[in-house]
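Position in the sequence shown (from 1) plus 2 gives the number in this note's numbering.
Cβ coordinates follow ideal geometry from the N, Cα and C atoms, glycine included.
Below: one structure, written as structure tokens.
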Amino acid sequence: MNTLPSRADALRHLTERLRAAGVESPALDARVLLMYAADLSATDIYAWPDKTLPPDAAQKLAELGERRAAREPLARILGEREFWGLPFMLAPATLVPRPDTEILLETALTETARLVAERPGAVFRFADLGTGSGCIAVAFMHELCKISREYDAYGIAVDLSHDAASMARRNAIRNGVDDRLGFITGSWSEALADESLDLILSNPPYIESAAIATLDAEVRDHDPRLALDGGCDGLAPYRAIYADARRLLRPGGAVVVEYGIALSGASQAETIAGIALANGLSPGRPIPDLAGVERVIVATLS
Ligand code: GLN
């Protein structure tokens, strides 16, 4: 029988395995997998490196390590990803939340300050279209509740995938905001009544269909295509969202969307602003994310 490895040996061995497989951050991923497989803290590993791993933990680590070496994303293996400092459980139907999307949250909060100042004391309502894991709706509501638990804010989160909408609901429960959020399955805002919304938020799929094949394998092979593919020019979702915005927003309300970069290298902002204008909204200037990449645009109904 093989002797069981120490914590330090297991860490070293898995780091080498992941490095050889071309994983970008092998040491970090190996440590996270060891913590997860053996239920250890980082302190347990580094303060007591010579303790041996129990056989079941060693076995589990070997299996998870092989999945990571086969380039399954760490978040998929753990079934969870942090966004805006909150934990989000993942399903095959949900995109892994990206840190890039936090700028959408920041922008939504800036807009909220303006909208609330316009109508002090009024109920605040928003929708999150294509909610996926629910990270936007849940994190946004979490912030609104921090302002005040008495704050009269309600949100509705929609996804075409029933599995995504139900995972989003579970994430709302996990983060304690399910009493203020509704979850429905449907196509964009089709199922919504005239809600007099203050805000519509969305991180829709915006990759051009032809560009899907060129994406990083960890994204292409593991994120759901429904959450990535924005149609021929990547902009089909924006047409659907803006076309219905006038019906749903109150005057002064706004649509805040994330977008990306076309296969040609051009920003999608100009075309998206054109679609907003054609639907009677006033688009603002593109807002860059923390890496300086244009990422978010606000379009207001006057
Ligand atoms: N930002 C994601 C990516 O680059 C795509 C998500 C989306 O289409 N909304 O993989």
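(message) So, at 6 Å on beta carbons, what are the nonlocal neighbours of D246 in its own chain, with the 5 sequence-adjacent residues on each side left out?
(response) Counting from one through the sequence shown, the residue named residue 246 turns up at place 244. Counting only Cβ-Cβ distances below 6 Å, and skipping sequence neighbours, we find S191.
(request) Can you tell me the Cβ-Cβ gap for A256 and L183, rounded? I've got them flagged as a contact below 8 Å. (result) Taking the first residue of the sequence shown as 1, we reach residue 256 at position 254. Taking the first residue of the sequence shown as 1, we reach residue 183 at position 181. Not confirmed; about 19 Å, so no contact.
(request) Answer with buried or exposed for I105, where buried requires no fewer than 16 other C-beta atoms within 10 angstroms of its C-beta. (result) Locating residue 105 in the sequence shown gives position 103, where the first residue counts as 1. Looking at its Cβ environment, which holds 16 or more other Cβ atoms inside 10 Å, I105 is buried.
(message) Which residues neighbour ligand 1 when neighbourhood means a C-beta less than 7 Å away from any of its non-hydrogen atoms? List them by chain order.
(response) L97, R100, D102, N205, P206, P207, Y208, I209, L217, V221, D225, A229, L230, G232, E260 and G262
(message) Give me the DSSP bridge partner(s) of Y48.
(response) Within the sequence shown, residue 48 is the residue found at index 46, counting from 1. Answer by DSSP bridge pairing: none, since Y48 is not bridged.
(request) Mind checking which residues open and close the alpha helix (DSSP H) that includes S168? (result) Taking the sequence shown and counting its residues from 1, the one referred to as residue 168 is at position 166. Per DSSP, S168 belongs to the alpha helix (DSSP H) from H164 to R176.
(request) For the beta strand (DSSP E) containing R83, list its first residue and its last residue. (result) Translated into the one-based positions of the sequence shown, residue 83 becomes position 81. Taken as a continuous stretch (DSSP letters only), the beta strand (DSSP E) holding R83 covers E82 to F85.
(request) Please go through the same chain and pick out, in chain order, the residues whose beta-carbon is closer than 8 Å to the beta-carbon of A293, but skip the five residues on each side of it. (result) Working through the sequence shown from its first residue, we reach residue 293 at position 291. Same-chain partners within the cutoff: D102.
(message) What residue range does the beta strand (DSSP E) around I186 cover?
(response) Taking the first residue of the sequence shown as 1, we reach residue 186 at position 184. From DSSP, the beta strand (DSSP E) with I186 extends over L183 to T187.
(request) Would you grab the beta carbon distance between L16 and A40 for me? Rounded to a whole angstrom, and I think it's under 8 Å. (result) Counted from its first residue, the sequence shown places residue 16 at position 14. Counted from its first residue, the sequence shown places residue 40 at position 38. Actually they do not touch by this definition, with Cβ atoms about 11 Å apart.
(request) Inspect the beta-carbon positions of L194 and P207 and report whether they are closer than 8 Å. (result) Locating residue 194 in the sequence shown gives position 192, where the first residue counts as 1. Locating residue 207 in the sequence shown gives position 205, where the first residue counts as 1. Cβ atoms of L194 and P207: not closer than 8 Å.
(request) Just grab the DSSP bridge partners of Y290 for me. (result) The residue given as residue 290 occupies position 288 in the sequence shown. The amino acid at residue 290 is misidentified as Tyr; the sequence shows Pro. Answer is E296.
(message) Short of 6 Å in beta carbon distance, which residues of its chain neighbour S198, apart from the five on each side in sequence? Order them along the chain.
(response) For this step, residue 198 is matched to residue 196 along the sequence shown. Contacts found: R252.
(request) Within 10 angstroms of the Cβ of R9, are there 16 or more other Cβ atoms? Answer buried if so, exposed if not. (result) Reading the sequence shown from its first residue, position 7 is the one you call residue 9. Under this definition R9 is a buried residue.
(request) Round the Cβ separation of H224 and R78 to the nearest angstrom and send it over; I've been treating them as touching at under 8 Å. (result) Start at 1 with the first residue of the sequence shown, and residue 224 comes out as number 222. Start at 1 with the first residue of the sequence shown, and residue 78 comes out as number 76. Contact holds; Cβ gap of about 5 Å.
(request) In angstroms with no decimal places, state the Cα-to-Cα distance between R21 and E145. (result) Taking the first residue of the sequence shown as 1, we reach residue 21 at position 19. Taking the first residue of the sequence shown as 1, we reach residue 145 at position 143. The straight-line gap from Cα to Cα measures roughly 39 Å.
(request) Out of D130, P226, A264 and L283, point me to the one whose CA is closest to G254's CA. (result) Counting from one through the sequence shown, the residue named residue 254 turns up at place 252. Of D130, P226, A264 and L283, the residue nearest in Cα terms is L283.
(message) Measuring straight from C-alpha to C-alpha, what distance separates I299 and P288?
(response) Along the sequence shown, one-based indexing puts residue 299 at 297. Along the sequence shown, one-based indexing puts residue 288 at 286. For I299 and P288, the distance between alpha carbons rounds to 5 Å.
(request) Kindly give me the distance between the Cβ atoms of F85 and C137, rounded to whole angstroms, as I take these residues to be in contact under 8 Å. (result) One-based indexing of the sequence shown puts residue 85 at position 83. One-based indexing of the sequence shown puts residue 137 at position 135. Going by Cβ atoms, the distance from F85 to C137 rounds to 4 Å, so yes, they are a contact pair.
(request) Count the CB pairs spanning the stretch 124-137 and the stretch 160-175 that are closer than 8 Å, and state whether there are at least three. (result) yes
(message) Please report the distance separating the alpha-carbon of G81 from that of A268.
(response) Here the question's residue 81 lines up with position 79 in the sequence shown. Here the question's residue 268 lines up with position 266 in the sequence shown. Each residue's Cα considered, the two are about 34 Å apart.
(message) Mapping the DSSP letters down to three states, classify L253 as helix, strand or coil.
(response) Position 251 of the sequence shown, counting from 1, holds the residue named residue 253. Note that residue 253 is Pro in the sequence shown here, rather than Leu. In the structure shown, P253 sits in a strand (DSSP, three-state: E or B).
(request) Would you mind reading off the limits of the alpha helix (DSSP H) that contains L30? (result) In the sequence shown, the residue the question calls residue 30 occupies position 28. It spans P28 to A40 - the alpha helix (DSSP H) in which L30 sits, taken as one unbroken run.
(request) Please state if the CB of A71 and the CB of A23 are separated by a distance shorter than 8 Å. (result) Locating residue 23 in the sequence shown gives position 21, counting from the first residue. Locating residue 71 in the sequence shown gives position 69, counting from the first residue. Yes, the Cβ-Cβ distance between A23 and A71 is below 8 Å.
(message) Please report the distance separating the alpha-carbon of V25 from that of L203.
(response) The residue labelled residue 25 in the question sits at position 23 within the sequence shown. The residue labelled residue 203 in the question sits at position 201 within the sequence shown. Going from the Cα of V25 to the Cα of L203 covers about 33 Å.
(message) Taking a contact to mean a Cβ-Cβ separation below 8 Å, would you say A110 touches V258 in this structure?
(response) For this step, residue 110 is matched to residue 108 along the sequence shown. For this step, residue 258 is matched to residue 256 along the sequence shown. Closer than 8 Å, so yes.
(request) Whole angstroms is fine: what's the gap from T302's alpha carbon to A29's? (result) Here residue 302 is taken as the residue at index 300 of the sequence shown, counted from 1. Here residue 29 is taken as the residue at index 27 of the sequence shown, counted from 1. The straight-line gap from Cα to Cα measures roughly 46 Å.
(request) Check S150 in the structure and name its three-state DSSP category. (result) What you label residue 150 is simply residue 148 of the sequence shown in a count that begins at 1. DSSP places S150 in coil when its eight states are reduced to three.
(message) Short of 7 Å in beta carbon distance, which residues of its chain neighbour V118, apart from the five on each side in sequence? Order them along the chain.
(response) Position 116 of the sequence shown holds residue 118. Excluding residues within five positions, the ones whose Cβ falls inside 7 Å are F126.
(request) Excluding the 5 residues preceding and the 5 following E74 in the sequence, name in chain order all residues of the same chain whose CB lies nearer than 7 Å to its CB. (result) Here residue 74 refers to the residue found at position 72 of the sequence shown. Same-chain partners within the cutoff: H224.
(message) What does the alpha-carbon distance come out to for the pair M91 and N173?
(response) As a first step, residue 91 is located in the sequence shown; it is residue number 89 there, counting from the start. As a first step, residue 173 is located in the sequence shown; it is residue number 171 there, counting from the start. M91 and N173: Cα-Cα distance of roughly 6 Å.
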